[in-house]
Amino acid sequence: MTERRPVRILPADTVRRIAAGEVIVRPAAVVKELIENALDAGAGSVKVELREGGRNLIRVTDDGTGMGREDVRLAVCHHATSKIDSIEDLRRVTSFGFRGEALASIAAVTRMVIETNTNPENPGTRLEIDGGEVRELREIARSRGTTVSAMALFYNLPVRRSFLKSDSYEFRLVLETVRAYAMAFPGVAFEVVANGQSVLTLSAAESVRERLLAMFGKRTVESMQELQAEAPSLSLRGCFSVPSQIKGFHDVQAVFFNRRPVRSSVVVRAVYQGYGPMVSGGSPSFVVFLETSPERLDVNIHPTKLEVRFADERFLFDFVAEAVRAGLGIARPVQLGSMAAESVRGFDFTESAASGFWQLHNSYVLAQVASGYVIVDQHAAHERVLFEELIADKRRALPQGLLFPVTVELSAEEFEAYERVADSLAAMGIETKVFSGRTVVVETVPAGSFMGKDEIRELFAEFVQVDSGQAVVEAGLARLIACKGAVKAGQRLTPAEMESLLNRLFACREPHFCPHGRPVVIRISLDDLERRFGRA
Ligand code: ADP
Ligand code: MG
1 MTERRPVRIL PADTVRRIAA GEVIVRPAAV VKELIENALD AGAGSVKVEL
51 REGGRNLIRV TDDGTGMGRE DVRLAVCHHA TSKIDSIEDL RRVTSFGFRG
101 EALASIAAVT RMVIETNTNP ENPGTRLEID GGEVRELREI ARSRGTTVSA
151 MALFYNLPVR RSFLKSDSYE FRLVLETVRA YAMAFPGVAF EVVANGQSVL
201 TLSAAESVRE RLLAMFGKRT VESMQELQAE APSLSLRGCF SVPSQIKGFH
251 DVQAVFFNRR PVRSSVVVRA VYQGYGPMVS GGSPSFVVFL ETSPERLDVN
301 IHPTKLEVRF ADERFLFDFV AEAVRAGLGI ARPVQLGSMA AESVRGFDFT
351 ESAASGFWQL HNSYVLAQVA SGYVIVDQHA AHERVLFEEL IADKRRALPQ
401 GLLFPVTVEL SAEEFEAYER VADSLAAMGI ETKVFSGRTV VVETVPAGSF
451 MGKDEIRELF AEFVQVDSGQ AVVEAGLARL IACKGAVKAG QRLTPAEMES
501 LLNRLFACRE PHFCPHGRPV VIRISLDDLE RRFGRA
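Under the UniProt record's numbering, the letters of the sequence shown match residues 1 to 536, in that order.
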């Protein structure tokens with residue numbers, strides 16, 4: 001039998017090491033953080049050195065602003081940053097960093113040395129720190145810039161260290177990381193040296209295309225076309241395989257949001273959607289740069305900011321797909337849904353109504369249309385949108401990672417129901433894992449839904465009621481998920497959220513009724529108003 005041990009608070013040092021391990025999982029993660037710091041410091045050149053795939057040494061040298069003596073001491077403390085002052089600034093951040101956690105996290109799990117100088121006419125600083133403990137701080141001579149050396153990664157977390165893969169595998173991930181930043185920052189020179197051998201040298205380039213040429217060669221770059229597209233809140237530029245040049249494999253597929261390399265299945269799927277049947281089994285190469293204002297981009301949903309959330313993912317999908325399609329001159333595919341979309345154009349939002357949305361009692365959205373106005377029940381509308389995205393158009397039922405996965409304990413009966421629908425759930429964007437016994441961990445929810453801990457728990461409790469029989473299960477599940485994931489009455493919406501909701505609603509096949517059959521939209525025409533005011 002397991003012996004019951006008392007609950008106690010872990011020592012600070014242990015907490016620090018565990019927390020650091022969350023973000024710093026492997027050499028590539030260290031390199032990513034150090035490159036971002038170099039770029040944030042305005043570096044014109046960045047050099048990355050590795051030994052044994054980063055296991056024994058990771059060193060990043062830049063010629064950026066450098067740090068003063070006091071700054072270096074502070075920089076390795078938790079929550080120490082020069083990039084934001086308050087939570088307000090978070091909405092505007094344009095730097096890569098802002099949490100002030102990276103150096104502290106790396107310092108906690110390595111033997112670290114920072115050498116830095118802000119002005120070569122004065123002495124610089126060398127700080128040596130071991131597993132988070134400062135060992136030495138002294139003056140050195142150094143040119144402007146910073147060198148951070150992280151040695152013996154995870155020497156104090158032996159299990160983590162043993163999880164590292166082969167040197168060549170870790171090295172490949174590091175190289176991929178450097179190459180991603182190199183694409184986004186063509187004006188910065190990059191060099192990678194592994195075990196004393198230079199493996200990548202990129203001098204500063206004038207343009208993205210010139211940088212891609214240096215990285216991928218003439219053949220690849222000449223088979224790609226440059227595209228640009230603009231919307232008020234979002235712009236795109238990038239290089240894409242010309243349809244006739246698509247091969248069975250791609251040389252590069254990279255997505256950047258405000259110059260951050262990101263993983264975005266929404267954008268990748270949108271690009272494929274744009275190519276349509278033209279890809280026919282092949283794999284296009286593309287490099288996509290998306291730009292938006294920082295407040296429309298949530299970079300705080302993933303510990304290492306690899307995943308980001310755009311304010312309106314549905315719009316993002318359509319915008320990217322259309323940019324690719326139109327830019328490459330690909331014919332528009334015939335869509336089953338287009339009839340429905342055409343027929344609701346009769347609602348005709350006037351151009352000026354683009355910002356003309358009002359929320360009544362935090363529950364109804366009022367919008368002006370050409371013939372009068374409409375009142376939309378926000379919960380019912382969102383239910384309809386989610387329902388159709390889940391059932392009619394599974395391609396768009398995208399999973400969105402939860403930063404903090406939700407754990408649910410199920411009863412025997414609930415667990416049985418869960419097992420029946422687990423695959424359908426995953427297809428609808430809810431990815432789960434059985435943790436142990438009847439404990440299930442929910443890792444993703446459908447993108448664009450408002451599903452929190454409470455809604456997830458309710459959802460699991462209500463599975464039991466979903467009928468068996470595949471088609472019924474799917475519809476019943478979708479209805480349930482839509483209901484749980486939809487914005488509630490009483491929840492305040494921003495104008496952008498109202499706009500997105502109505503755009504998505506009127507792109508539905510059946511925008512007038514919610515999945516339970518209740519009306520979603522009430523329409524009042526100018527004629528009605530005129531009659532009531534005794535004008536007609
Ligand atoms: P963050 O980047 O989130 O601010 P970090 O822990 O990565 O947090 O860095 C802490 C601070 O140290 C930064 O805000 C910056 O002021 C300073 N710093 C880190 N690396 C460099 C560098 N290479 N050049 C200049 N300053 C740096
Ligand atoms: Mg940083």
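Backbone N, C-alpha and C define an ideal beta-carbon position, used for all residues, glycine too.
Could you round the C-beta distance between VAL445 and GLN400 to whole angstroms and report it? I think they count as a contact, below 8 Å. For the purposes of this step, residue 445 is taken as the residue at position 445 of the sequence shown. For the purposes of this step, residue 400 is taken as the residue at position 400 of the sequence shown. Yes, they are in contact, since the Cβ atoms of VAL445 and GLN400 sit about 6 Å apart, within 8 Å.
Pull up the CB-CB distance for VAL174 and GLY54, whole angstroms please, since I reckon it's below 8 Å. Your numbering for residue 174 matches position 174 in the sequence shown. Your numbering for residue 54 matches position 54 in the sequence shown. So it is a contact: roughly 6 Å between Cβ atoms.
Evaluate contact between the region 114-123 and the region 136-150, counting only Cβ atoms and requiring at least three cross-stretch pairs below 8 Å. yes
So the beta strand (DSSP E) ILE87 belongs to, where does it begin and stop? Within the sequence shown, residue 87 is the residue found at index 87, counting from 1. Premise fails: ILE87 lies in the alpha helix (DSSP H), 87-90, not in any beta strand (DSSP E).
Quick check: the Cα distance between LEU108 and ALA180, rounded to an integer number of angstroms? In the sequence shown, counting from the first residue as 1, residue 108 sits at position 108. In the sequence shown, counting from the first residue as 1, residue 180 sits at position 180. For clarity, residue 108 is Ala in the given sequence; the question names Leu instead. If I take the Cα positions, the gap works out to 26 Å.
Using a Cβ-Cβ distance cut-off of 8 Å, determine whether ALA182 contacts chain D. Looking at the structure shown, chain D is missing, and only one protein chain is on hand.
Given the structure, does GLY124 come close to the ligand ADP, in the sense that its CB is under 7 Å from one of the ligand's heavy atoms? On the sequence shown, residue 124 is found 124 positions in, with the first residue counted as 1. No; taking the cut-off as 7 Å, the Cβ of GLY124 has no heavy atom of the ligand ADP nearer than that.
Using the rule of at least 16 other Cβ atoms within 10 Å of the residue's Cβ for burial, across every protein chain shown, is GLY485 buried or exposed? Mapped onto the sequence shown, residue 485 falls at position 485. Classification for GLY485: buried.
To which residues does DSSP link PHE240 through a beta bridge? To locate residue 240, count along the sequence shown from 1; it is residue 240. Answer is GLN225, PHE286, bridged to PHE240.
Within a Cβ cutoff of 8 Å, which residues of the same chain sit near SER166, ignoring the five residues on either side of it in sequence? The count along the sequence shown starts at 1 and reaches residue 166 at position 166. GLY53.
Hey, is ASN156 close to the ligand MG, as in C-beta under 7 Å from one of its heavy atoms? Here residue 156 refers to the residue found at position 156 of the sequence shown. Not under cutoff, so the answer is no.
Straight-line Cα distance separating THR125 from ALA482: Residue mapping note: residue 482 aligns to position 482 of the sequence shown, counting from 1. Residue mapping note: residue 125 aligns to position 125 of the sequence shown, counting from 1. When rounded, the distance between both Cα atoms is 57 Å.
Output needed for LEU390: all residues of its chain with C-beta closer than 7 Å, excluding positions within five of it in sequence on either side, in chain order. Stepping through the sequence shown from its first residue, residue 390 is reached at position 390. ALA397, MET428, PRO446, ALA478, ILE481, ALA482.
With VAL308 as the anchor, note down where its alpha helix (DSSP H) starts and where it stops. Indexing the sequence shown from 1 puts residue 308 at position 308. No alpha helix (DSSP H) holds VAL308; DSSP gives it neither H nor E.
Check the DSSP bridge columns for ILE430 and list the partner residues they point to. By one-based count along the sequence shown, residue 430 stands at place 430. ILE430 pairs with nothing; no bridge assigned.
In this structure, does DSSP put ASP63 in helix, strand or coil? Along the sequence shown, read from residue 1 onward, the residue named residue 63 stands at position 63. DSSP places ASP63 in coil when its eight states are reduced to three.
Helix, strand or coil for GLN491 per DSSP? As a position in the sequence shown, residue 491 is number 491, starting the count at 1. GLN491 falls in the coil class under three-state DSSP.
Just how far apart, CA to CA, sit GLU226 and ARG237? Start at 1 with the first residue of the sequence shown, and residue 226 comes out as number 226. Start at 1 with the first residue of the sequence shown, and residue 237 comes out as number 237. Rounded to whole angstroms, GLU226 to ARG237 spans 7 Å at the Cα level.
Within 8 Å, do at least three Cβ pairs link the region 460-467 to the region 412-424? Enough Cβ pairs lie closer than 8 Å, so yes.
Suppose contacts are defined by Cβ-Cβ distances below 8 Å. Is MET183 in contact with ALA270 by that definition? Here residue 183 is taken as the residue at index 183 of the sequence shown, counted from 1. Here residue 270 is taken as the residue at index 270 of the sequence shown, counted from 1. Taking 8 Å as the cut-off, the beta carbon of MET183 is found no closer than this to the beta carbon of ALA270.
I'd like the span of the alpha helix (DSSP H) that includes PRO158, first residue to last. The residue you call residue 158 lines up with position 158 of the sequence shown. From DSSP, the alpha helix (DSSP H) with PRO158 extends over 158-163.
Answer yes or no: the CB of LYS83 versus the heavy atoms of the ligand ADP, is any distance below 7 Å? For the purposes of this step, residue 83 is taken as the residue at position 83 of the sequence shown. It does: the Cβ of LYS83 is within 7 Å (strictly closer) of some heavy atom of the ligand ADP.
According to DSSP, simplified to helix, strand and coil, what is ILE58? Numbered from its first residue, the sequence shown carries residue 58 at position 58. Correct three-state label for ILE58: strand.
When you compare the region 199-215 with the region 52-72, are there three or more beta-carbon pairs, one atom per stretch, that lie closer than 8 Å? no
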